[in-house]
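In the working numbering, the protein residues as written are 591 to 762. Comments concern the structure below.
Shown next as structure tokens:
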């Protein structure tokens, strides 16, 4: 999946930039009876080696407030609205990064004949300091481009009205 997502491109090792290491994290998901459901692997950047102002500038991403969640559920119940929930799988891997970030080629993805090269990231990886901010910027742009208005008091709440219909999107 990570290659299909166009997350990186092969590049020469930069002389003026630090190259961040990466690590595979493995997890086994179990069924309720304890049997194995599936094996998962996640590539994580060693973000602890990033330097502020050099490797990243913005890291902040807003988080939904509990009182806003409660208010939305109460309004929906009062108006007999349906509530739909969805999950964006691998959300952080879809955020575009503004900074020039290089990582080592991960084990199992080393390009034959280009072992000395590194990967220049186009999108965020788990573990990068700016990954949450990159994802929020992307989802914010998506909603704004489609005519939603972002709440001034709750930056994770987006509203769009068309005639009698009101669509409320709440991002957490």
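No residue lacks a Cβ here, since even glycine has one placed at the ideal position from N, Cα and C.
Assumed close pair residue i, residue j - CB separation to whole angstroms, cut-off 8 Å
{"i": "residue 712", "j": "residue 598", "result": "6 Å"}
{"i": "residue 633", "j": "residue 612", "result": "6 Å"}
{"i": "residue 673", "j": "residue 681", "result": "Their Cβ separation, rounded to whole angstroms, is 20 Å, which puts residue 673 and residue 681 out of contact at 8 Å."}
DSSP state of residue i mapped onto helix, strand, coil
{"i": "residue 618", "result": "strand"}
{"i": "residue 682", "result": "helix"}
{"i": "residue 723", "result": "helix"}
{"i": "residue 610", "result": "strand"}
{"i": "residue 625", "result": "coil"}
{"i": "residue 672", "result": "coil"}
{"i": "residue 760", "result": "strand"}
{"i": "residue 639", "result": "helix"}
{"i": "residue 687", "result": "coil"}
{"i": "residue 659", "result": "helix"}
Exposure label - residue i; buried when at least 16 CB within 10 Å
{"i": "residue 725", "result": "buried"}
{"i": "residue 669", "result": "exposed"}
{"i": "residue 637", "result": "buried"}
{"i": "residue 627", "result": "exposed"}
{"i": "residue 701", "result": "exposed"}
{"i": "residue 753", "result": "exposed"}
Exercise for the section: Pair every Cβ in the segment 603-610 with every Cβ in the segment 675-695, then say whether three or more of these pairs are closer than 8 Å. Expected result: yes
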